[in-house]
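The listed protein sequences derive, respectively, from chains A and B. Numbers 1 to 363, taken from full-length UniProt numbering, label the letters of the first sequence in order. Numbers 1 to 363, taken from full-length UniProt numbering, label the letters of the second sequence in order. Here a beta-carbon is modelled for each residue, glycine too, at the ideal position from N, C-alpha and C.
There are 2 protein chains.
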Amino acid sequence: MRIAIDAMGGDQGPRAVVRGAAEALCAHPSLSIRLFGPQVRLEEELSSLPRRYGAVRERMSVHHAGEVIAQSARPSQALRTGGSSSLARMLDDVAAGQADAGVSAGNTGALMALSRRALGMVAGIPRPAITTAIPTRGGGRCYMIDLGANIETTAERLVDFARMADVMARHVDGLEHPRVALLNVGVEATKGPAMVREADERLRRLSSLNYIGFVEGDGLFNGDADVVVCDGFVGNIVLKSSEGLARMLVERFQTTFAAHWGSRLVTLLARPALLRIKRQLDPVRYNGASLLGLAGIVVKSHGRADAQGFAFAVSRAVQEVRRDLPSRLAQALGQSAIPSVACGPGDSGFSARSRPDDFNPER
Amino acid sequence: MRIAIDAMGGDQGPRAVVRGAAEALCAHPSLSIRLFGPQVRLEEELSSLPRRYGAVRERMSVHHAGEVIAQSARPSQALRTGGSSSLARMLDDVAAGQADAGVSAGNTGALMALSRRALGMVAGIPRPAITTAIPTRGGGRCYMIDLGANIETTAERLVDFARMADVMARHVDGLEHPRVALLNVGVEATKGPAMVREADERLRRLSSLNYIGFVEGDGLFNGDADVVVCDGFVGNIVLKSSEGLARMLVERFQTTFAAHWGSRLVTLLARPALLRIKRQLDPVRYNGASLLGLAGIVVKSHGRADAQGFAFAVSRAVQEVRRDLPSRLAQALGQSAIPSVACGPGDSGFSARSRPDDFNPER
């Protein structure tokens, strides 16, 4: 199995990415990794790898890409001018079949736009949706979809999100009948925006899903559902506010223990437990958000991920390759994969040139 | 000062409300409380009050209201048939000037609809917005507005929310120049839904506010802003998911400590600290969401609040009375209070019979 990696995306620079790649190679003996970025820079990072990675070094290759897409670049800019960037070259590699999947910690909007252009979409899905597994009570997890790819969306798209994340939970996590829910401000059918109520009606008519209705915000971490569907605006804000809250709470625990017990006792007793929980909650541990709906596998690593976090994202991609996620999606959504579509340089970078959405039997 | 209380609203029944009222009376010696609900039931609760409340018993009076609005009732139902409910009678009491403010832990939609009909709105605001203070890093707090009253809203309304919560932060919390921000999925002006970008443009033109632009979800708990504005759909989901996450984290801390240290050590050492943090994070401690925009003071207590939580909500109302919040709002929004408006029995209970929004200089 070969995975292509944009080495220039993360906030911590290529060092964390290259070390994360090496870490992933240690975990997956049949994996090889193709790194994209400025050749000299990446060779440097490879030669400065700690010794323990000596055995995996030969499973990494460097592929020159001199440019980098800035975090602030708009998707339309990336589409117009990003063709020789590490991100675009990595995706071209996946599109050419040189790699089975791609991973980047870079600009999410650019990653979406360039992925869509390079790989095309499956089953009439017009643009990717982003999902990740969040931890829930009782040690479970729940796929939240969409996390920011579709800011202004429709009821039909929410149904697509539900179907795609259902495939993920079934095939990657092995759940037989994932419980699928819509995020809303109440559980009664009369609650919430028109779009959410319409999606609810559509989902009730879809017998292929184990749709359980609405969940409220607190249901997200309760383990009440295996898939929670929302638009990308709400999903992004909930995910980021949860990260912020978790950081604040861990800080408060530390402060409270320090204040009550004195710092020495904390060091001796509480710190291991605190570190353990910090790791459990760290988004980096659940790192690797999947771009669903592409005719290929692309995983977005958190920009703040360290080497270990990046390795998780690579492992996520490995799992999706093993389960052949795009074929499963195409199959479940009732159509075979559609070849790569051209994407106009419109403001959003996603002008509507994809095929009409004819996969949905309700429409 | 007199506060009217709907004694029948909370999930824990009138006992928690009556004890919470008694607790608030202990904290505010010049306060008296008017309880609304079934006379016999409330008299029973008063006679079963613990002895320590003996001294405040005489500052509570019971006012009969035989009916109760169900948690599941729609606002339109409440408007049509809820006239003799404890909620409606409590609000009539405030409208008649018998009480300076009202508090309920009941049905939020019904409380909004009935409050609006009983008390009217200030300064052309068409319907109330709900705000509460959430804890932030470094021990501060931040008013989040709206928390669910305005599910499908407009840029103009987001600007109203900003202005109202600014008044709250200035006059109730004494901040001189509250930092006001809009919740969004990025900090660049090009990010987010059209409505949020339009609100951003409008807020930039409002010199009366210390508007600092967009914050992302993680900024909410960071203490980056004193007021964070969003629509009621997002606000409600973020608030409830935060409550759910906080509960999950406290559980995980407990489990981790128990697993690592054994339960006896936890009991001896960690439990006091855990309880302390649980209390700090408990929404009940920050209890009391304010319905802003009314020509009167109404505070919504969390349905799950216990006696102590309910007492916090009453204290919130006391503070707002002391600061004369409705007059401050009317003054800041450039108009005097408008008398009570009739409200049609439309689907939402909020048909547009209020005055046109002529207070906003941009319009």
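Pairwise C-alpha distance: residue j and residue i
i: E188 (chain B); j: S86 (chain A); result: 24 angstroms
i: A65 (chain B); j: A7 (chain B); result: 10 angstroms
i: N184 (chain B); j: V234 (chain A); result: 9 angstroms
i: L147 (chain A); j: T256 (chain A); result: 33 angstroms
i: A55 (chain B); j: Q12 (chain B); result: 24 angstroms
i: L91 (chain A); j: A110 (chain A); result: 11 angstroms
i: L194 (chain A); j: R59 (chain B); result: Note on residue identity: the sequence assigns Ala, not Leu, to residue 194 (chain A). Near 47 angstroms, if we compare the C-alpha coordinates of R59 (chain B) and A194 (chain A).
i: L245 (chain B); j: D306 (chain B); result: 20 angstroms
i: E243 (chain B); j: H171 (chain B); result: 27 angstroms
i: D313 (chain B); j: V299 (chain B); result: Note that residue 313 (chain B) is Ala in the sequence shown, not Asp. Straight-line Cα distance between these residues: approximately 7 angstroms.
i: Q308 (chain A); j: P50 (chain A); result: 14 angstroms
i: M1 (chain A); j: D93 (chain A); result: 14 angstroms
i: A330 (chain A); j: D200 (chain B); result: 40 angstroms
i: R141 (chain A); j: R179 (chain A); result: 12 angstroms
i: A24 (chain B); j: A105 (chain B); result: 15 angstroms
i: I3 (chain B); j: T190 (chain B); result: 46 angstroms
i: A22 (chain A); j: Q254 (chain B); result: 35 angstroms
i: P339 (chain A); j: R117 (chain A); result: Residue placement at P339 (chain A) is flagged as unreliable, the pLDDT there being 40, under the threshold of 50; the coordinate-derived value follows with that caveat. Approximately 10 angstroms between the Cα atoms of the pair.
i: V215 (chain A); j: Y53 (chain A); result: 45 angstroms
i: D226 (chain A); j: I134 (chain A); result: 10 angstroms
i: T153 (chain B); j: D231 (chain B); result: 6 angstroms
i: residue 368 (chain A); j: P326 (chain A); result: Here chain A has residues from 1 to 363 only, and residue 368 (chain A) is not among them.
i: V196 (chain B); j: E251 (chain B); result: 36 angstroms
i: D211 (chain A); j: R157 (chain B); result: Note that residue 211 (chain A) corresponds to Tyr in the displayed sequence, not to Asp. Distance between the alpha carbons of Y211 (chain A) and R157 (chain B): 34 angstroms.
Extent of the continuous alpha helix (DSSP H) to which residue i belongs
i: C26 (chain A); result: G13 to A27
i: R179 (chain A); result: Note, R179 (chain A): premise wrong, no alpha helix (DSSP H); beta strand (DSSP E) at R179 to L183.
i: P75 (chain B); result: P75 to T81
i: residue 395 (chain B); result: Outside the shown range of chain B, which is 1 to 363, sits residue 395 (chain B), and nothing can be said about it.
i: V40 (chain B); result: Q39 to S47
i: P126 (chain A); result: Note, P126 (chain A): premise wrong, no alpha helix (DSSP H); not H, not E.
i: L302 (chain B); result: For the sequence presented, residue 302 (chain B) should be read as His rather than Leu. No alpha helix (DSSP H) holds H302 (chain B); DSSP gives it neither H nor E.
i: G309 (chain B); result: A307 to R322
i: S86 (chain B); result: S86 to A95
i: V227 (chain A); result: First-last for V227 (chain A): V227 to V229, but that is the beta strand (DSSP E), not the alpha helix (DSSP H).
i: L294 (chain A); result: Careful: L294 (chain A) lies outside any alpha helix (DSSP H) and carries neither H nor E.
i: L203 (chain A); result: A194 to R204
i: S327 (chain B); result: L325 to A332
Residue i and residue j closer than 8 angstroms at C-beta
i: A123 (chain A); j: L275 (chain A); result: no
i: R127 (chain B); j: A155 (chain B); result: no
i: residue 424 (chain A); j: M168 (chain A); result: Residue 424 (chain A) lies beyond the stretch modelled for chain A, which goes from 1 to 363, so this question has no answer here.
i: A289 (chain A); j: D224 (chain A); result: no
i: Q39 (chain A); j: V62 (chain A); result: yes
i: G217 (chain B); j: I237 (chain A); result: yes
i: G192 (chain A); j: I151 (chain B); result: yes
i: I130 (chain A); j: L291 (chain A); result: yes
i: I5 (chain A); j: R34 (chain A); result: yes
i: G20 (chain B); j: A311 (chain B); result: yes
i: L249 (chain B); j: L249 (chain A); result: yes
Span of the beta strand (DSSP E), counted from its first residue to its last, around residue i
i: V144 (chain B); result: It should be pointed out that residue 144 (chain B) corresponds to Met in this sequence rather than to Val. Here the beta strand (DSSP E) through M144 (chain B) covers R141 to I145.
i: S30 (chain B); result: Element bounds for S30 (chain B): n/a, residue is neither H nor E.
i: R2 (chain A); result: R2 to D6
i: V62 (chain B); result: M60 to H64
i: F214 (chain A); result: N210 to V215
i: V103 (chain A); result: A101 to S104
Residue environment, residue i, which counts as buried when at least 16 other CB atoms sit within 10 Å
i: T108 (chain B); result: buried
i: G9 (chain B); result: buried
i: Q96 (chain B); result: Per the sequence shown, residue 96 (chain B) should be read as Ala rather than Gln. Its Cβ having fewer than 16 others within 10 Å, A96 (chain B) is exposed.
i: A27 (chain B); result: exposed
i: G138 (chain A); result: exposed
i: R57 (chain B); result: exposed
i: T132 (chain B); result: buried
i: S241 (chain A); result: buried
i: S301 (chain B); result: buried
i: S115 (chain A); result: buried
i: G174 (chain A); result: exposed
i: P29 (chain B); result: exposed
i: R322 (chain B); result: exposed
i: P272 (chain A); result: exposed
Residue i beta carbon near the ligand GDP (any heavy atom closer than 7 angstroms)
i: A27 (chain A); result: Although the ligand GDP was asked about, the structure shown includes no ligands whatsoever.
Three or more C-beta pairs below 8 angstroms linking the stretch 41-51 of chain B and the stretch 76-84 of chain B: No, the stretch 41-51 of chain B is not in contact with the stretch 76-84 of chain B.
Any 3 or more C-beta pairs closer than 8 angstroms across the stretch 85-101 of chain B and the stretch 316-335 of chain B: Inter-segment contact for the stretch 85-101 of chain B and the stretch 316-335 of chain B is present: three or more beta-carbon pairs are separated by less than 8 angstroms.
Contact between the stretch 150-166 of chain A and the stretch 192-208 of chain A (3+ Cβ pairs under 8 angstroms): Pairwise C-beta distances place the stretch 150-166 of chain A in contact with the stretch 192-208 of chain A, as three or more of them are shorter than 8 angstroms.
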